[in-house]
Ligand code: SAM
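Laid out in structure tokens, this is it:
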């Protein structure tokens with residue numbers, strides 16, 4: 006279970022809304038039962054249910070079980086998609102090990118904002134489900150050109166359905182790059198030109214077919230995981 010609180014032996018932590026009900030009604034946990042807690046900072050802890058009544062519960066951390074894993078994996082810059090598709094991408098990207106998700110606003114992006122709080126919650130739940138101890142940060146959505154202007158110069162691969170783009174799996178070996186996926190309507194010509202002007206950008210192909218943006222994100226992350234990470 007995820008908690009926002011620090012995890013220290015003997016220091017009780019309150020359950021987040023929904024956790025007490027989930028533990029009691031779904032998992033049938035009672036006072037004294039063992040659970041596992043993580044907060045993205047202090048590793049995974051064995052803990053006991055100290056009290057539970059309806060949705061009110063407290064947990065008592067007892068001992069560390071797994072050391073905190075460092076943040077790793079690619080940063081995913083994802084053009085804003087409709088709510089359901091964006092939530093799906095955040096869930097799958099978390100399972101595939103991204104370090105952070107940066108929603109970007111492009112000319113053809115359908116929504117002009119994203120619900121960061123909701124996406125952060127989905128990232129936490131996905132981390133919980135796939136047993137990763139670090140939780141990817143979901144950043145505020147920023148316009149593509151702002152993100153490019155502030156870029157630190159580290160390698161950025163841009164999935165672009167252009168014939169001349171190299172297949173992602175054929176990129177020369179190197180450190181884990183960040184990944185940019187375009188919106189359902191694709192990048193505009195000026196956006197692609199602006200991207201191509203940056204020396205840190207490599208345009209990559211994900212095959213001969215036009216994938217939906219969410220499929221493109223998952224397929225590119227799977228290739229990056231298989232070719233240069235874990
Ligand atoms: N509307 C665009 C078109 O018809 O040309 C298609 C955009 S596609 C649905 C959404 C995004 O997924 C693209 O901007 C790109 O980032 C990525 N994508 C989809 N298929 C791809 C492929 N075969 N190679 C590389 N990127 C791809």
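Numbering (the UniProt record's numbering), first residue to last: 6 to 235. Just so it is clear, CB atoms sit at the ideal spot from N, CA and C, and this is done for glycine as well.
Which residues DSSP lists as bridging residue i, in chain order
i: residue 58; result: 61
i: residue 53; result: 39, 65
i: residue 197; result: DSSP, once it has assigned bridges, lists no residue as partnering residue 197.
i: residue 107; result: 82
Sequence-distant residues of the same chain with beta carbon closer than 6 angstroms to residue i, five excluded per side
i: residue 189; result: 218
i: residue 76; result: 104, 139
i: residue 90; result: 219
i: residue 206; result: 161, 163, 200
i: residue 18; result: 8, 10, 64
i: residue 148; result: 110
Residues near residue i by beta carbon distance below 7 angstroms, same chain, minus five either side
i: residue 174; result: 228, 232
Pair within 7 angstroms by beta-carbon distance, residue i and residue j
i: residue 45; j: residue 78; result: no
i: residue 119; j: residue 152; result: no
i: residue 84; j: residue 114; result: yes
i: residue 143; j: residue 121; result: yes
i: residue 69; j: residue 106; result: no
i: residue 55; j: residue 42; result: no
i: residue 48; j: residue 20; result: no
Nearest to residue i (by Cα), restricted to the options the options
i: residue 210; options: 10, 170, 19, 202; result: 170
i: residue 204; options: 154, 54, 29, 89; result: 154
i: residue 223; options: 99, 177, 199, 161; result: 99
i: residue 50; options: 59, 65, 57; result: 65
i: residue 112; options: 92, 53, 193; result: 193
i: residue 30; options: 127, 59, 68; result: 59
i: residue 181; options: 149, 230, 35; result: 230
i: residue 150; options: 208, 127, 185; result: 185
i: residue 22; options: 132, 57, 213; result: 57
i: residue 213; options: 178, 202, 167, 191; result: 167
i: residue 15; options: 196, 67, 96, 132; result: 67
i: residue 82; options: 196, 88, 146; result: 146
Residue-level contact to chain C via CB, residue i, 7 angstroms cutoff
i: residue 92; result: Any reference to chain C falls outside this structure, which holds one protein chain only.
Contacting residues, own chain, Cβ-Cβ under 8 angstroms from residue i (five flanking each side not counted)
i: residue 117; result: 85, 110
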